[in-house]
Amino acid sequence: MNQVIENAREIITGYDGPKLRIMEVCGTHTHEIFRLGIRSLLPENIDLISGPGCPVCVTPVGYIDEAIYLALEKKCVICTFGDLIKVPGTKMSLAGARTEGADVRPVYSPDDAVELARETSKQVVFLAVGFETTTPSACIAVKKAQRLGLTNFSILTANKTMPNAYAQLKGSADAFLYPGHVNAITGNEICKKLKEEGVSGVVAGFTANELMTALAVTIELSKKGEPFFENCYPRVVKDEGNPAAQKLVDTVMEPCDSEWRGLGIIPMSGMKLRGEYSDFDARVKHNVPTIEGKSNPACRCPEILQGHCKPTDCPLFGKVCNPIHPVGACMVSDEGACAAYYHYGSSIGVEI
Ligand code: SF4
221 MNQVIENARE IITGYDGPKL RIMEVCGTHT HEIFRLGIRS LLPENIDLIS
271 GPGCPVCVTP VGYIDEAIYL ALEKKCVICT FGDLIKVPGT KMSLAGARTE
321 GADVRPVYSP DDAVELARET SKQVVFLAVG FETTTPSACI AVKKAQRLGL
371 TNFSILTANK TMPNAYAQLK GSADAFLYPG HVNAITGNEI CKKLKEEGVS
421 GVVAGFTANE LMTALAVTIE LSKKGEPFFE NCYPRVVKDE GNPAAQKLVD
471 TVMEPCDSEW RGLGIIPMSG MKLRGEYSDF DARVKHNVPT IEGKSNPACR
521 CPEILQGHCK PTDCPLFGKV CNPIHPVGAC MVSDEGACAA YYHYGSSIGV
571 EI
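First residue of the sequence shown: 221, per this note's numbering; consecutive thereafter.
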């Protein structure tokens with residue numbers, strides 16, 4: 221064990237203060253903290269709760285229904301990151317739509333979808349979900365399609381931004397572990413502002429060293445009893461973020477209200493294409509009607525995503541709902557809290 225981890229482990233395991241609720245906002249953090257066995261080190265007075273930072277998990281049911289509408293009614297080829305294919309919509313998932321004839325293809329990047337549009341005369345729609353980290357690649361794809369003069373490529377946006385979500389989550393935890401890759405794009409200004417509003421947090425990276433350090437720093441700073449902010453991922457995150465990515469996104473997209481599974485509609489927490497790019501907006505291009513999705517009422521994803529309960533509080537966990545037959549989005553993606561508990565929960569005594 222290296223010295224950084226050893227020092228952090230001593231601070232974490234030796235914590236004997238009042239109950240400390242830390243929210244790991246990011247799905248990758250949820251996954252890595254479990255995978256690395258860090259959860260099993262936590263004393264009982266540290267409660268690590270999962271937040272809404274898994275892009276597949278926060279994408280609302282209605283969005284899946286829109287994608288299925290485009291696939292089945294408009295006969296578009298749907299290109300998407302693989303996880304989204306299994307997320308249940310109101311009546312079926314995109315995997316289910318495939319059995320009814322939908323052409324749904326997993327891709328590694330939005331650029332793959334642009335390349336497909338160059339090769340086919342069919343309408344191609346890329347499902348643009350995710351946070352500040354993935355939005356720039358969708359913008360690059362739109363600009364490329366415009367440059368190539370493609371008239372059969374569009375994107376269905378559900379891109380989200382974190383700042384207003386943090387505001388909505390105030391009070392859910394004593395401190396946030398901010399997602400390092402998001403701050404690498406946005407910079408730290410929003411987190412510093414949150415500190416002024418009484419919200420504490422540290423930016424965390426993704427290795428064992430970085431995650432252990434971030435938790436140890438959170439614990440140490442909490443002891444002072446004052447709001448705090450610390451960048452524990454300085455090798456990647458700069459205060460100003462990534463100005464080139466910010467400028468690119470600002471050129472192609474603009475903020476809009478956005479629905480988050482579990483959190484409802486959060487004002488100005490999403491991104492949509494600017495008017496000058498409406499030819500590439502799948503909703504506009506294909507006249508997608510307003511679709512109000514309905515999730516399974518037994519699924520507790522909405523409460524899990526707000527840190528109000530844990531996957532093991534859901535009566536369907538591991539029994540009716542598992543990674544092969546997911547009932548809710550949090551069991552689909554590896555970054556989802558339910559999937560993480562399912563795969564790694566035995567390390568903290570979760571029985572399936
Ligand atoms: Fe939803 Fe399944 Fe998680 Fe329960 S275990 S909250 S049904 S995803």
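We treat Cβ as the ideally placed atom computed from N, Cα and C, and that holds for glycine.
Distance CB(residue i)-CB(residue j) smaller than 9 Å
i: F346; j: A333; result: yes
i: A393; j: I258; result: no
i: V472; j: C299; result: no
i: F373; j: C411; result: no
i: P275; j: E571; result: no
i: N408; j: N462; result: no
i: Q388; j: I486; result: yes
i: V362; j: L304; result: no
i: W480; j: K380; result: yes
i: V508; j: E286; result: yes
i: E252; j: L431; result: yes
i: G484; j: M382; result: no
i: P399; j: V245; result: yes
i: C277; j: V552; result: yes
i: T433; j: H401; result: no
i: D323; j: C296; result: yes
i: L261; j: R229; result: yes
i: N429; j: N265; result: no
i: I191; j: I439; result: The chain is shown only over 221 to 572; residue 191 falls outside these bounds and no answer can be derived.
i: L575; j: L397; result: Residue 575 is absent from the model: the chain starts at 221 and stops at 572.
i: R338; j: L370; result: yes
i: Y562; j: F537; result: yes
Rounded straight-line distance, which links the Cα of residue j to that of residue i
i: F254; j: R367; result: 44 Å
i: R325; j: T248; result: 24 Å
i: F468; j: P356; result: The amino acid occupying residue 468 in the given sequence is Leu; Phe does not appear at that position. The alpha-carbon atoms of L468 and P356 are separated by roughly 7 Å.
i: K514; j: E496; result: 32 Å
i: V437; j: V422; result: 8 Å
i: G309; j: A315; result: 10 Å
i: M243; j: P454; result: 20 Å
i: T377; j: S420; result: 31 Å
i: D267; j: H506; result: 46 Å
i: A557; j: V504; result: 34 Å
i: S489; j: A424; result: 22 Å
i: V281; j: C521; result: 12 Å
i: Y235; j: E460; result: 33 Å
i: Y289; j: E512; result: 12 Å
i: M191; j: E226; result: Within the shown structure, residues of the chain are numbered from 221 to 572, placing residue 191 beyond reach of any answer.
i: V307; j: V327; result: 16 Å
i: N542; j: A549; result: 11 Å
i: N403; j: S478; result: 20 Å
i: K239; j: N516; result: 33 Å
i: E417; j: I544; result: 42 Å
i: P447; j: A395; result: 9 Å
i: G569; j: T532; result: 11 Å
i: I284; j: D499; result: 21 Å
i: F426; j: V456; result: 11 Å
i: I375; j: T510; result: 16 Å
i: S619; j: E335; result: The first residue shown for the chain is 221 and the last is 572, placing residue 619 beyond what the model contains.
i: G482; j: V224; result: 37 Å
Residues that DSSP places opposite residue i in a beta bridge
i: V362; result: Partner(s): none; V362 has no beta bridge.
i: S374; result: V345
i: F396; result: M243 and G421
i: N451; result: V423
i: S270; result: E244
i: F537; result: C541
i: K444; result: Its beta-bridge partners do not exist; DSSP assigns none.
i: P263; result: P263 pairs with nothing; no bridge assigned.
i: G484; result: W480
i: R325; result: C299
i: L493; result: M473
i: D501; result: I375
Exposed unless 16 or more other CB atoms sit within 10 angstroms - verdict on residue i
i: K444; result: exposed
i: A365; result: buried
i: A519; result: Correcting the residue type first, residue 519 is Cys in the shown sequence and not Ala. Buried.
i: G391; result: exposed
i: G302; result: exposed
i: E293; result: exposed
i: Q526; result: buried
i: T340; result: exposed
i: G237; result: exposed
i: I405; result: buried
i: A560; result: buried
i: P535; result: exposed
i: D501; result: buried
i: P263; result: exposed
i: K530; result: buried
i: A464; result: exposed
i: T279; result: buried
i: T250; result: buried
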